[in-house]
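Novice: Right, I'll just put the structure down here and ask away after.
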Amino acid sequence: MKKDLLSVYDLEKADFEEIFERAGSLKKMLREGRTCSTLEGKTLGMIFEKSSTRTRLSFEAGMYQLGGMAIFLSTRDIQLGRSETIADTARVMSRYLNGIMIRTFSQESVDEFAIHATVPVINGLTDLLHPCQILSDLFTIIEKNGSYEGMKIAYVGDGNNIANSWINAAARLSFQLTLACPAGYEPDENILKKGIKEGDVTLYRNPSEAAAGADVIYTDVWVSMGREDESTKRATVFKDYQVNTELISHAKDGVIIMHCLPAHRGEEIIAEVMDGPHSVVFDQAENRLHVQKAILEILM
Ligand code: CP
Ligand code: NVA
Numbered sequence: 001m002k003k004d005l006l007s008v009y010d011l012e013k014a015d016f017e018e019i020f021e022r023a024g025s026l027k028k029m030l031r032e033g034r035t036c037s038t039l040e041g042k043t044l045g046m047i048f049e050k051s052s053t054r055t056r057l058s059f060e061a062g063m064y065q066l067g068g069m070a071i072f073l074s075t076r077d078i079q080l081g082r083s084e085t086i087a088d089t090a091r092v093m094s095r096y097l098n099g100i101m102i103r104t105f106s107q108e109s110v111d112e113f114a115i116h117a118t119v120p121v122i123n124g125l126t127d128l129l130h131p132c133q134i135l136s137d138l139f140t141i142i143e144k145n146g147s148y149e150g151m152k153i154a155y156v157g158d159g160n161n162i163a164n165s166w167i168n169a170a171a172r173l174s175f176q177l178t179l180a181c182p183a184g185y186e187p188d189e190n191i192l193k194k195g196i197k198e199g200d201v202t203l204y205r206n207p208s209e210a211a212a213g214a215d216v217i218y219t220d221v222w223v224s225m226g227r228e229d230e231s232t233k234r235a236t237v238f239k240d241y242q243v244n245t246e247l248i249s250h251a252k253d254g255v256i257i258m259h260c261l262p263a264h265r266g267e268e269i270i271a272e273v274m275d276g277p278h279s280v281v282f283d284q285a286e287n288r289l290h291v292q293k294a295i296l297e298i299l300m
């Protein structure tokens, strides 16, 4: 695996497999009450410029469980937020830490940080990508369906960081990805082009076309972090892109419903579906922990 985890597009198939296998072992170990101190004496810095529940907890608890520790750094408190450069911050932090996770707005900032850091850098979400989430989602699909290979995964909603990372994964692995996004809210153009060329990726307008015969239906919020001022407009644009009982009737009988969370019940997904028998959203959330630990071990 490369030094950093910035995008799932940078991973080879063997890297995905290594992560999933180790995550499975770590999950089993934790369930059986066995400890594992592979990161003893190691420290992870976690820079957050946006809110987080799952990402912060899974990295922080994960480091602790592996015998190391994590330091939470809000950009409100560190000098990076007062215009110390990304390059200088990366150089300095590399002198103290064994790894750095960043959640911020621009992907370019994370890429630049990784160039100047001498320790592994992990993308904990940008406006463009959310690689750790999609790795955990693929692991969840393996747990539920045995494999992601040959599956039809339908993503319904905003062409955001989650959609982009799904397309990147489809360019690397063998599964079918269909997306349904409203006009003007499509995934990143370059990522989509590469996905269509290198993987089995199709973009639809109509959610039921994307969901037809799907093994997995996936959705995410209509308003991502940083887009709050577009909430009213987006509520209108996305109103037909809801994961509800009608939509899931187009999928396979055993379809699994996924959402990276946090969810807005009654918007992109109805409560009845989110709490229903097809939903695996809380297993997905739990698996962030196991997959994060595998990523941390492998990189650090
Ligand atoms: N899914 C996810 O990344 O959740 P948080 O924003 O709570 O970290
Ligand atoms: N698309 C969402 C994902 C949150 C985990 C956001 O960026 O806010």
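So in my numbering, the last spot in the sequence shown is 300, and the numbers never skip. In this text, a Cβ means the ideal position worked out from N, Cα and C, and glycines have one as well. Note that the structure is predicted; figures quoted are calculated from it, not measured.
(1) With respect to 7 Å, is the separation between the Cβ of residue 224 and the closest non-hydrogen atom of the ligand NVA below this value?
(2) What are the start and end residues of the alpha helix (DSSP H) that includes residue 199?
(3) Secondary structure at residue 85, three-state DSSP: helix, strand or coil?
(4) With a cut-off of 8 Å on the beta carbons, I'd call residue 63 and residue 299 a contact; round off their distance for me.
(5) To the nearest angstrom, report how far apart residue 233 and residue 96 are at their CA atoms.
(6) With respect to the beta strand (DSSP E) encompassing residue 43, which residues constitute its N-terminal and C-terminal limits?
(7) Please report the straight-line C-alpha distance between residue 171 and residue 199, rounded to a whole angstrom.
(8) Leaving out five residues on either side along the sequence, give the residues of the same chain with a beta carbon under 7 Å from the beta carbon of residue 191.
(9) With respect to 7 Å, is the separation between the Cβ of residue 131 and the closest non-hydrogen atom of the ligand CP below this value?
(10) Between residue 161 and the ligand NVA, is the CB less than 7 Å from at least one heavy atom?
(11) Work out the CA separation of residue 291 and residue 210 for me, nearest whole Å.
(12) Sorted by chain position, which residues of the same chain lie with C-beta nearer than 6 Å to residue 90's C-beta, five sequence neighbours on each side aside?
(13) Throw me the rounded Cβ distance for the residue 99 and residue 55 pair, which I believe falls under 8 Å.
(14) Cα separation between residue 227 and residue 235?
(15) Where are the beta strand (DSSP E) runs, 3 residues long or more, that stay fully inside the stretch 98 to 142, in chain order?
(16) How many whole angstroms separate the CB atoms of residue 161 and residue 224, which I take to be in contact at a CB cut-off of 8 Å?
(17) Give me, in chain order, the residues of the same chain whose beta-carbon lies closer than 6 Å to that of residue 219; leave out the 5 immediate sequence neighbours on both sides.
(18) Would you mind working out which of 180, 173 and 146 sits nearest residue 217, comparing C-alpha positions?
(19) Any heavy atom of the ligand NVA within a distance shorter than 7 Å of the CB on residue 221?
(20) Just reading off the alpha helix (DSSP H) that residue 299 is part of, what are its end residues?
(21) Would you list the one or two residues that DSSP bridges to residue 72?
(22) Which residues in the same chain as residue 250 place their Cβ atom closer than 6 Å to its Cβ, once the five residues preceding and following it in sequence are excluded?
(23) Taking just the CA atoms, how far does residue 8 sit from residue 108?
(24) Using CA atoms only, rank isn't needed, just tell me which of 241, 48, 293 and 294 is closest to residue 76.
(25) Measuring only the C-alpha atoms, how far is residue 144 from residue 79?
Specialist: A quick look at the data gives this:
(1) yes
(2) Run containing residue 199: none; DSSP gives neither H nor E here.
(3) coil
(4) Contact flag wrong, Cβ pair sits at about 12 Å.
(5) 45 Å
(6) Its beta strand (DSSP E) spans residues 43 to 48.
(7) 4 Å
(8) 164, 167 and 168
(9) no
(10) yes
(11) 28 Å
(12) 113, 116 and 117
(13) For residue 99 against residue 55, the beta-carbon gap comes to about 14 Å, at or over 8 Å, which does not count as contact.
(14) Answer to the nearest angstrom: the Cα atoms are 12 Å apart.
(15) Assignment of beta strand (DSSP E) within the stretch 98 to 142, counting only whole runs of 3 or more residues, yields 99 to 103 and 121 to 123 in chain order.
(16) 7 Å
(17) If you ignore the 5 residues before and after residue 219, its C-beta comes within less than 6 Å of the C-beta of 156, 157, 243, 259, 268 and 269, all in its own chain and listed in chain order.
(18) 180
(19) Yes - the ligand NVA has a heavy atom lying nearer than 7 Å to the Cβ of residue 221.
(20) 281 to 299
(21) Residue 72 has 46 as its beta-bridge partners, per DSSP.
(22) 208, 211 and 212
(23) When rounded, the distance between both Cα atoms is 16 Å.
(24) 48
(25) 44 Å
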